[in-house]
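4 protein chains.
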Amino acid sequence: MIKAGIIGATGYAGGELVRLLTGHKNTEVIWYGSRSYIDKKYAEVYQNMFRIVEEKCLDDNMEELADQADVIFTATPQGFCASMMKEEILAKTKLIDLSADYRIKDVNVYEKWYGIEHKSPQFIKEAVYGLCEVNRDDIRKARLVANPGCYTTCSILTAYPLAKEGLIDMSTLIIDAKSGTSGAGRGAKVSNLYCEVNENIKAYGVAAHRHTPEIEEQLGYAAQEKVVLNFTPHLVPMNRGILVTEYASLKKRVTYEDVKAVYDKYYGKEYFIRFLEEGVYPETKWVEGSNYVDINVKLDPRTNRIIMMGAIDNLVKGAAGQAVQNMNLMFGLPESEGLKLVPMFP
Amino acid sequence: MIKAGIIGATGYAGGELVRLLTGHKNTEVIWYGSRSYIDKKYAEVYQNMFRIVEEKCLDDNMEELADQADVIFTATPQGFCASMMKEEILAKTKLIDLSADYRIKDVNVYEKWYGIEHKSPQFIKEAVYGLCEVNRDDIRKARLVANPGCYTTCSILTAYPLAKEGLIDMSTLIIDAKSGTSGAGRGAKVSNLYCEVNENIKAYGVAAHRHTPEIEEQLGYAAQEKVVLNFTPHLVPMNRGILVTEYASLKKRVTYEDVKAVYDKYYGKEYFIRFLEEGVYPETKWVEGSNYVDINVKLDPRTNRIIMMGAIDNLVKGAAGQAVQNMNLMFGLPESEGLKLVPMFP
Amino acid sequence: MIKAGIIGATGYAGGELVRLLTGHKNTEVIWYGSRSYIDKKYAEVYQNMFRIVEEKCLDDNMEELADQADVIFTATPQGFCASMMKEEILAKTKLIDLSADYRIKDVNVYEKWYGIEHKSPQFIKEAVYGLCEVNRDDIRKARLVANPGCYTTCSILTAYPLAKEGLIDMSTLIIDAKSGTSGAGRGAKVSNLYCEVNENIKAYGVAAHRHTPEIEEQLGYAAQEKVVLNFTPHLVPMNRGILVTEYASLKKRVTYEDVKAVYDKYYGKEYFIRFLEEGVYPETKWVEGSNYVDINVKLDPRTNRIIMMGAIDNLVKGAAGQAVQNMNLMFGLPESEGLKLVPMFP
Amino acid sequence: MIKAGIIGATGYAGGELVRLLTGHKNTEVIWYGSRSYIDKKYAEVYQNMFRIVEEKCLDDNMEELADQADVIFTATPQGFCASMMKEEILAKTKLIDLSADYRIKDVNVYEKWYGIEHKSPQFIKEAVYGLCEVNRDDIRKARLVANPGCYTTCSILTAYPLAKEGLIDMSTLIIDAKSGTSGAGRGAKVSNLYCEVNENIKAYGVAAHRHTPEIEEQLGYAAQEKVVLNFTPHLVPMNRGILVTEYASLKKRVTYEDVKAVYDKYYGKEYFIRFLEEGVYPETKWVEGSNYVDINVKLDPRTNRIIMMGAIDNLVKGAAGQAVQNMNLMFGLPESEGLKLVPMFP
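This is the structure in structure tokens:
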């Protein structure tokens, strides 16, 4: 039984981790860390867990937790994990960080986009970017995994095979993303109130969202060139789900079958990536509650562009599900253990 | 491996049955019956099942299905199951009917409220009303189970212990119920369009809803008297969930603790019924996707009434989940097999 | 031109007042009071008012405002208006208080239910309860109007004619109410976040909601007896709208036509009250954005009860619209001036 | 008093026309045409109009209507208006067609994208494209106005000044659009059911949507070159609203102030177009129920692109509101008559 500790267990991503780990036959959650709710019963914070989780919330003492846990998940604000990290912790336990602290290799880029000083840059090199379908082998050996962002997971996986195979002109890549509101977290802000989000759609963080450099870095590795792109997130009145619509110019004439073959080459054996039938476009509802990524493309000969579309559940493949997938890899378990969740419809 | 056939597999309740049976380790779905989509791949009707269900939809030939299946689920319009039923079918297979055909013992009451002739009243007596927590022993021995309605499951279980123990005056019982829109089915009707339901709430079937006699009959058995009550359903802009708010006058002075003790007497060992902490009222979101029934009460000394509240997921405990729970009982499996679903939040 | 000042202009009710007064040909808003946003442009708080309202937010100095305004609207938390009130203010200006401070005639009842001390009980007697269709004549002469609560407006008007004519047994009256989320205000609370309200319904304030004594007092005047009842509010995932479903036993045998005649007697000439056609039940969407109250009833001979249903837009007839209607009466304008808003659908 | 007839009065756009014309002081609706509901009271189809509209629905006899009406609005399926059109009708009355029949000047393009034969191409040349802010003078003199599509109105107006002034490379223009569900009409289709749309977002009509050639034609006039672009609509779980996010490469180095000056040049005096403050991006909720178009842009020096954003209410500026604006122009009324609607929030 893997002993798992969660710091930040009462945010939405933390709550989803609890849901997934509760149903995972090889893990036991031994620490529900939540600075805001110390000593409160976890099930009083999330009543859906009544009679399922009996424990109380604990603090965020990562050192003490490292003594007890085989793996620590940090679902905490940017900067927290980096501020607590030391060799002693990694010597004792594995760590999967759901924040952005170790996702970006260039600490200057991190500090510029996030506007904070990185407190433990010495671990950035060691950290493995936990996009399972791309970095599987490195993840298996890692002590420290940087779990990818929600937008980035969806954005990267949707374009990755075409970037890797050089089919698209990376300088033309534009990513228009749409997210459910759980991505905004559980903080009490006026802009996230029901009446402000409901019956409304808006863009935000235009040409300035922090997931941009993460997408650029990873797609840059795939394309083996420096990538600069536009990424525009939008807030959609729904709880869960991310849909990305990506546009790029094709570098050569290809057919739908050619493109499908490229996706099959990279994803044909992937359990969690479903390349849909021709003409069927991803919808967030079809992956809700699951770890799937649904992808399809449409070629437009009129403009010589390809439109790539991808959908995930932001709290599962975009956060907690991918974290569990990383844990499975790190502990030598079957990669889909505890994650064969059938999407819920409606 | 239990071979299960579903007739009506492409309605919302049928789809939920597929979701639950797909995750059930002792069953295999061998028949996806859907008159509307014969020969179409099931996953084209419900894209969430892409790469999970490969089969095509079949017709609704119950006789042929009875030769192949160990259990048949009928998630079909009222009257269908009764019109197909014969001894030969029950001799070969078990049957769980999610329609109302065998729920009401008095065929005249059925025919009056449903406005159709019952085509096989000879099976009504044999049929067991599949409210698991109440009729567990009879269900274990049944060939034919009448799976309760969604509103009725929630309405009955919320008041059952108090009716049984004679604490409330049954002539004062009023049930005000609120349901998500999946309860209205997948039929293409203007009144169920997004723009008609969204940002709206309304009562319907006032003093005329078909679930009324079913609730009255079952609570009558509990109270051992004839029960006549008001039941008012409302349509709420959400996909899933039923909340009932029930009002009744108390027959004697009792405390919250007294009442809690009564609920504990009947439900204390029930896996799927959660009597909440004092002051915490049921919310549909806390049971979403799960087979739980959340219940609590509030006593009002000013009016000498008790307000009982209960919440379920209408597609799970209100339909497919309870059907699987019945199947587990009928086949001697652990009652919660395949149903330990953690509610999804948000 | 009536000079109107609003204190609490940046709450949802205050915002709706701005919307209505902006379209009212006899008024000019001269004061947008908002303690939280002093010196900020009003249109930066509510971007829908961009290029419509150019003014900045001011403080809540009621004395200074009284010098400038012909009428003051207070859309403020309970206790504020009472704490600021003095004869000097009422000597200079009319005041319409959207809070509960002057709604309840018995100051002890107010202090018990609201849990605060009333700071100016000497004005309670003078204050007129601003339920226009009931107290029209007194409102015309009033200096100080207590604008009714949202739930109470809908609850009272729906039952009023039957209470007045003695058709129903008031001791059996139960009010089950459902409200959109704007009724919870614009405060940043976790419980009002999009993800907490969406796809969810719950009861709250069960047997304890502050609107209860207000409903009891007013229906008591109508029935000429002391009324004690159950009132249960529910939170519905929609922005606007209140639906009440009220249950009571009939004191004598009546037909639908008899009951309709009673409603016609009281409401037949009312512009804002629509008694619907038989069999058509109120839906909140049909009154959205308007000052209408839609009402209908269903008689149930099986239980000898009548089910009364009413719907309003909680921000219009339940708050700002009724406040403007009161203002029209107080200033001798046509009662529907600025309020002939056609409900918006969908 | 202008006598107005509506054919297609019971669709969502038709319903909105009724709402707007009911509040318009110079018009009287004399014909509520609805093939599906002939002889049914209009207010039974749209209960929000109870006691506001007393008339019954009539047929779609355009010739008879032409004898009675000063202006006819056709809010009908593609092809209907073209099939009924003749000189005799235009000789007697003005016509504003909300369908696409006369929007596209090249009949071959129309027939290819719409897949139907145009039955009266002889009127295409005469028809004026009713984008009021662009074609105001021609509209004033027109007998036949082709009211623009919802997506097209928003897409064109958002980019128009930059296209006109040659600031953007038109070959790089990509339009990613998001629409509420009322745009899909009131037809009873499974894909528009509440449970299918709610908690979901998807792209549709990718590289194939019929509004594409309309946008290309109009922006081509502005840019004075042939324009071919990508347009991708998405379905959003909300009733009303369209948001477009448009991407294009800049042809020269410009500042935000430069761009703002260009928008001011074209829209500075427009009542219905609001160019927002820098850093404030359009949200559909801020224009809901109104005829406003909210626009802003963000320059991205990293990619040398400009991101243009625009928001409208699809049923108002995207359909009925613009139709009334056109009517006002055609009849010499103030352009904003009956359209000074304050957006409703929340």
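Chains as they are written, first to last, in my numbering: chain A, -11 to 334; chain B, -11 to 334; chain C, -11 to 334; chain D, -11 to 334. Quick reminder that beta carbons are idealized off the backbone N, C-alpha and C, glycines included.
Item: Mapping the DSSP letters down to three states, classify Lys152 (chain D) as helix, strand or coil.; Value: helix
Item: Here's the rule I'm using: 16 or more other beta-carbon atoms within 10 Å means buried, otherwise exposed. How should Ala79 (chain D) be labelled?; Value: exposed
Item: Select from C:Ile112, C:Glu16 and C:Tyr269 the residue whose C-alpha is nearest the C-alpha of Ile40 (chain C).; Value: C:Glu16
Item: Looking at the C-beta of Arg91 (chain A), does it have a partner C-beta in chain D at a distance below 8 Å?; Value: no
Item: Compute the Euclidean distance between the alpha carbons of Gln206 (chain B) and Lys177 (chain C), then round it to the nearest angstrom.; Value: 41 Å
Item: Find the residues of chain D that neighbour Tyr0 (chain C), judging by a C-beta separation of less than 8 Å, and give them in chain order.; Value: Pro334
Item: Below 9 Å on C-beta distance, what does Pro331 (chain C) contact in chain B?; Value: Within 9 Å Cβ-Cβ: nothing; Pro331 (chain C) doesn't reach chain B, min ~11 Å.
Item: Beta-carbon of Tyr182 (chain A) versus every beta-carbon of chain C: anything under 8 Å?; Value: yes
Item: Flag Asn227 (chain A) as yes if its beta-carbon sits less than 8 Å from any beta-carbon of chain C, otherwise no.; Value: yes
Item: Rank C:Lys152, C:Tyr192, C:Ala196 and C:Asn292 by C-alpha distance to the C-alpha of Tyr353 (chain C) and give the top, closest one.; Value: Any property of residue 353 (chain C) remains undetermined from this structure, which presents chain C solely from -11 to 334.
Item: Give the straight-line distance between the Cα atoms of Tyr338 (chain D) and Cys45 (chain D), rounded to the nearest whole angstrom.; Value: Absent from the structure is residue 338 (chain D), since the part of chain D shown begins at -11 and ends at 334.
Item: For the candidate residues A:Glu184, A:Ala172, A:Ala165 and A:Arg174, whose alpha-carbon lies nearest to that of Ala172 (chain C)?; Value: A:Glu184
Item: Roughly how many whole angstroms lie between the Cα atoms of Glu114 (chain C) and Glu105 (chain C)?; Value: 19 Å
Item: Anything in the region 186 to 200 of chain C with a Cβ closer than 9 Å to a Cβ of chain B? List those residues in chain order, please.; Value: Asn186, Glu187, Asn188, Ile189, Lys190, Ala191, Tyr192, Val194, Ala195, Ala196 and Thr200
Item: In terms of alpha-carbon separation, which member of C:Ile230, C:Arg124, C:Thr160 and C:Trp19 lies closest to Asp58 (chain C)?; Value: C:Trp19
Item: Please name the residue in A:Glu75, A:Val122, A:Lys129 and A:Thr146 whose C-alpha comes closest to that of Arg262 (chain A).; Value: A:Thr146
Item: So, under 8 Å CB-CB, Glu323 (chain D) and Tyr259 (chain D) are touching, yes? Tell me the CB distance rounded to an integer number of Å.; Value: 7 Å
Item: Kindly indicate the opening and closing residues of the alpha helix (DSSP H) around Tyr0 (chain D).; Value: Tyr0 to Thr10
Item: Answer with buried or exposed for Arg228 (chain B), where buried requires no fewer than 16 other C-beta atoms within 10 angstroms of its C-beta.; Value: buried
Item: In chain order, what residues of the same chain lie with their CB nearer than 6 Å to the CB of Val247 (chain C), ignoring the 5 residues before and after it?; Value: Val285
Item: Are Met72 (chain C) and Met50 (chain C) touching if we call contact CB-CB under 8 Å?; Value: yes
Item: From what residue to what residue does the beta strand (DSSP E) around Thr62 (chain C) run?; Value: Val59 to Thr62
Item: Between Tyr102 (chain B) and Asn135 (chain B), what straight-line distance do the alpha-carbon atoms span, to the nearest angstrom?; Value: 17 Å
Item: If you follow the alpha helix (DSSP H) that Ser71 (chain D) is in, where does it begin and where does it stop?; Value: Phe68 to Met72
Item: Report yes or no: is there a C-beta of chain D within less than 8 Å of the C-beta of Val216 (chain A)?; Value: yes
Item: Less than 8 Å separating the beta-carbons of Leu223 (chain C) and Tyr192 (chain C)?; Value: yes
Item: Helix, strand or coil: how does DSSP classify Thr200 (chain B) here?; Value: helix
Item: Please classify Pro221 (chain D): is it buried, with 16 or more other beta-carbons within 10 angstroms of its beta-carbon, or exposed?; Value: buried
Item: Drop a sphere of 10 angstroms on the beta-carbon of Ser87 (chain A), count the other beta-carbons inside from all chains shown, and report buried for 16 or more, exposed for fewer.; Value: buried
Item: When the Cα atoms are used, what is the spatial distance from Gly(-1) (chain A) to Thr141 (chain A)?; Value: 19 Å
Item: Buried or exposed: Met318 (chain B), going by 16 or more other Cβ atoms within 10 Å of its Cβ?; Value: buried
Item: Using the Cβ count rule (16 or more neighbours within 10 Å means buried), how would you classify Lys257 (chain C)?; Value: exposed
Item: Please report how far the alpha carbon of Lys107 (chain C) lies from the alpha carbon of Pro201 (chain C), in whole angstroms.; Value: 19 Å
Item: At the level of alpha carbons, what is the spacing between Gly118 (chain C) and Val133 (chain C)?; Value: 6 Å
Item: Distance check for Cys69 (chain A) and Gly62 (chain A), CA to CA, integer angstroms please.; Value: One detail in the question is off: residue 62 (chain A) reads as Thr in this sequence, not Gly. C-alpha separation (whole angstroms): 7 Å.
Item: Using 10 angstroms around the beta-carbon of Asp301 (chain C), count the other beta-carbons present and answer buried if the total reaches 16, otherwise exposed.; Value: buried
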